[in-house]
Every structure is written in C-alpha cells, then in structure tokens.
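Structure first, commentary second.
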Amino acid sequence: MNSEKRRRQRGVVLTRAGLQKLQTAKSEAEIYENFDKRFTLETLSARTGLDPDTLMKVFSGRVRVDKQTLIRCFSAFCLQLDVNDYHIPVNETDNVSNWVLATCKSKSFIHYYIDWGEAPDVSALSGRTEELATLEQWIVGEHCRFVTLFGMGGIGKTTLAVGITQRIKNNFKYVIWRSLRNAPSVEDTIADLIKFLDEAEETQLPKTLDGKILQLLGYLRAHSCLIILDNAESILQSNDIAGNYKSGYEGYGQLFRCIADTLHCSTLILTTREIPKGLAFKEGEKLPVHCLQLTGLPTSAAKEVMQLKGALIGSDLEWEVLVHYYAGNPLALKIAATAIVDFFEGNLTSFVNFFQTETLIFDGIREILERQFNRLTDLEKALMYQIAINRKPVTILELQADLEEQKTVWELMGALSALQRRSLIEKNHTRYTQKPVVMEFVVQEFMKH
0 MNSEKRRRQR GVVLTRAGLQ KLQTAKSEAE IYENFDKRFT LETLSARTGL
50 DPDTLMKVFS GRVRVDKQTL IRCFSAFCLQ LDVNDYHIPV NETDNVSNWV
100 LATCKSKSFI HYYIDWGEAP DVSALSGRTE ELATLEQWIV GEHCRFVTLF
150 GMGGIGKTTL AVGITQRIKN NFKYVIWRSL RNAPSVEDTI ADLIKFLDEA
200 EETQLPKTLD GKILQLLGYL RAHSCLIILD NAESILQSND IAGNYKSGYE
250 GYGQLFRCIA DTLHCSTLIL TTREIPKGLA FKEGEKLPVH CLQLTGLPTS
300 AAKEVMQLKG ALIGSDLEWE VLVHYYAGNP LALKIAATAI VDFFEGNLTS
350 FVNFFQTETL IFDGIREILE RQFNRLTDLE KALMYQIAIN RKPVTILELQ
400 ADLEEQKTVW ELMGALSALQ RRSLIEKNHT RYTQKPVVME FVVQEFMKH
C-alpha cells in the first residue's frame, strides 16, 4: 500500500512560469497554424504523441507527470524544458520528514513574501463564491496578466480583492497590496513596487518612466508576482468621460498597457469604480486581460452581512424589499442594518413600513452616491435626472426627446454605456432604469437645482 502511494506521488508539474511558456507557444501556433482556432485534444495528441488524459494533466499544472512527458510537450512547440519550468510539488499530506518539508518550503515555489499595505482585515466574505471561483480560474488557471474589478462604491471590490488574494497567495513568490486612494504619482508607485521586489535593496532606478516600467517588467518576468492596486478611481478624472486619467497621471495608462501587453508570469489586480481608458478593448475570453463587474449581493448573502450588525427579524418578502431597495450594496446594507438595530429594535416590518413613506438615504449611503455622482459628465447627469424623473424604465429615444439640449443617439449611447459601467443604471432589453436608492438620491439632487 505504502509503495503504491509513493509511486503515485512521483513526478513533476509545471511551474507557473513553465505553464505560461507552454500556453503562449501553443497560442502562437494556433494563430499561425490553425487560423486562430484552438487545437483540439486530438490535434495536440497527434502533435505530441501523448494521450489526451496525459495532456490534460500537463495543462492543468497540478497533476504530476514524468519529466519526459513535459520534454515531449515542450519539444512539440520548439521549446526547451528548463529547470525553472517544473518542480516537484510538496503537500502537507506527502509522506516526507518534517526536515524535508521545511527545506522545500524555503524554495521560491512555496515560500512567498507578502506586504498587505493598507488592505483591510476581511474575516468573512459572504455571497461571492462564484466571483472567487471565476477570479481563481482567470489568475491561477489561465494565468491572466491583468484583472480589473469594477463597480459602484461600497459594492465590495476591495473585500473581494482581499478574499481572492488570501485564497491564491501561495501561487506567487511576491504579493504586494497598495492603495491609490491618495493618488501617488506613477513614478512613486513603481519605485515602491520595485523596492519590495528587489531583495538586494540596492536597485538604482532609471531616470525615465520608460526605464522604470521596463525594470519593473523584468521583475514580473523573473518571478511570479501578485500586485493589487486598490481605489484606482483616485487617479481618474471627474466630470469627464469615464476612464480618463487626471492631468499628470497619464503614466499609469502606460504602466497598465505594458503590464497587460507584455509576456510575463505575474498578475496585476486593479479595483476601481470605473475602468481606466485603454483597458476595456484589451479584455477578451482568449486574452490575458479580464474585467469583472461586481453587482449587488443576493438576498441570502445580504442577510448574513446585515445580521453581523445585530439580530434582525422580518419576513422573506421584507428582506427581498430591503435588499432590492439598497441594490444589494454591502456597505449600504450595513449602514441600514445599524439604523434598524438602533431605531427599530431590529424589526424589519417597522423599518419597511417607515421607508415606504419616508426617503431613507442615510449619510453614509449618501456619501457613496455623491462621490459617484460627482464624477459624471453634464450629459451623464442629465440622463440620470431624466431616468429618475420618469420612474419607469425608458428607451433611448424617450430620453432623447426629454433632454433640453439636443443630442444624437450616438452621444446618448456612449453616455448610457458609461453609466452602466459606473453601475448607476441598469438596462433591460432596450429600456434603462435605476435601483430604488439611486433613483431617490438622484431625485433629491434634481430638486436642489
């Protein structure tokens, strides 16, 4: 029995860098030899001389195979298998001595350096199982180079970023979290990243931005690094087209493009209320750049979040009404839960009955919406007013007729798309509407003017 177990555990798997090298070569062959269509397992089997089951093990990057199998795979795409392309995985359950295990953990593929920076402490993450699985597949399974998490304020982007980082951190040698809330210059951000990634701490930074970015890319190629940049909306322009950079911060666009376009074995996660200019068109199913828009929590998860503030009692319908009103926004729900506990003794029935006659946009929720609303262009604000005033879902032609200033359909389409990306409106077939709490806030803003 023990000898059979030892035989099953023999073998190697590709490192993250090795798997990316093989996948890149396969993708290039698909482009030039197969009209940009993916090779089937049968095609790969004929090319490598390996059976489909073995190939699936190789490309999973997790199941052990013998070294000769990896050599045959690499040779099929004119690659040479280097010592950095594979390793012998060691698990806590492997039948090895504590000394061997400790020695292996000092190797780069297990030991990692982590700097959490200003990342918040996240003890519980409710209702994001699907999003976590998607992100893990993108980053660990597909080795995406650039992942953007975007959505309205309070929706849980930072919390999800912490959750996925905790989940996958052992796949990287370096993990570093930095907040862009105070809008540091791109030069300062790059210098900070390089300082962390350079173990010798003696690096001389180039004088030009191009040189600094090139030096950072060198580290991203040499090691598997996970970089999280939080609150990227702070470097984007308000009252302008969604995603435009503030004056003096255009260098971030160059940094993001280089990380997205250049071959390396690392990943950058960006959290933001809107996607920076130039990134959206790089995103695609077969491309190493992905964007995930966070929406509100389902009722079951929202209940878990709100119950953390205290015991809340109500019917299923009242829970549905409450979660729908606040668009499933975790931060808004927490603020509302505090008020329900403090002023209604945790009784949802009393609270729901009260806000049917009163507008309940608490200060914390208003602050979230104000920051988001103040970033809009004049046209986007005008559209928000018209959608809120109409109350019911409206078409683009109805909006065009209601606007005081004449706009073309193309102009309206661009503004409406930006509002969708900012998570402020929703589209149902050909009609646009807003979540109740957003609608009430916009009506109040309209009454001020």
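Numbering that gives the first Met the number 0 numbers the first residue of the sequence shown as 0 and each following residue consecutively.
Think of the CB as a built atom: it goes at the ideal place given N, C-alpha and C, for glycine as much as any other residue.
The model shown is predicted, which means the values in this text are computed figures rather than measured ones.
Here W137 has C143, V146 and H289 as same chain residues with Cβ atoms under 7 angstroms from its own Cβ, once five neighbours each way along the sequence are excluded. Taken atom to atom, the span from the alpha-carbon of R177 to that of F195 is near 11 angstroms.
The beta carbon of L225 sits closer than 6 angstroms to those of F171, V174 and T266, all from its chain and outside the five residues before and after it, given in chain order.
Here DSSP, grouped into helix, strand and coil, assigns K194 to helix. According to the DSSP assignment, D84 belongs to no beta strand (DSSP E), since it is labelled neither H nor E. Apart from sequence neighbours up to five positions away, the residues of its chain that approach I274 with a beta-carbon distance below 7 angstroms are T147, F149, G242, C290 and R420, ordered along the chain. Each residue's CA atom was taken as its position, placing A336 and H263 some 45 angstroms apart.
Excluding sequence positions up to five before and after L80, its CB lies within less than 6 angstroms of the CB of L69, I70 and F73, all in the same chain and listed in chain order. Residues A381 and Q385 of the same chain have their beta carbon placed closer than 7 angstroms to that of L402, with the five preceding and five following residues left out of the count.
As a beta-bridge residue in DSSP terms, K426 pairs with Y431. The beta carbon of T429 is closer than 8 angstroms to those of T394 and I395 in its chain, skipping five residues each way along the sequence. Beta-bridge pairing by DSSP links H289 to V146.
Per DSSP, reduced to three states, the secondary structure at W318 is helical. The shortest CA-to-CA distance from L423 to any of T23, A387 and K406 is the one to A387. Per DSSP, L204 lies in no alpha helix (DSSP H) segment and is marked neither H nor E. For the pair A231 and L269, the CB atoms are nearer than the 7 angstroms cut-off. Sequence-distant Cβ neighbours of D65 in its own chain, meaning closer than 7 angstroms and more than five residues away, are G10.
Note on I334: 16 or more other CB atoms within 10 angstroms of its CB, so buried under the neighbour-count rule. Unbroken beta strand (DSSP E) stretches of 3 residues or longer found wholly inside the region 205 to 232: 224 to 229, given in chain order. Taking C-alpha positions only, S184 is separated from Y248 by approximately 7 angstroms. Our two residues, T376 and V12, have alpha carbons roughly 51 angstroms apart in a direct line. V161 and P119 do touch by the CB rule: their CB atoms are close to 6 angstroms apart, below 8 angstroms.
The Cβ atoms of G60 and A331 do not sit closer than 7 angstroms to each other. V351 carries a helical assignment under DSSP once its states are collapsed to helix, strand and coil.
CA-CA distance, M151 to F34, rounds to 40 angstroms. For L396, the enclosing alpha helix (DSSP H) has its first and last residue at I395 to D401. For T133, no beta strand (DSSP E) run applies; the uninterrupted alpha helix (DSSP H) run containing it begins and ends at T128 to E135, by DSSP. Around the Cβ of N328, a 10 Å sphere holds 16 or more other Cβ atoms; the residue is buried. Pairing L192 with P88, the inter-Cα distance amounts to about 29 angstroms. Secondary structure at R374: coil, using DSSP grouped into helix, strand and coil. Residue range T266 to T271 is occupied by the beta strand (DSSP E) that includes L267.
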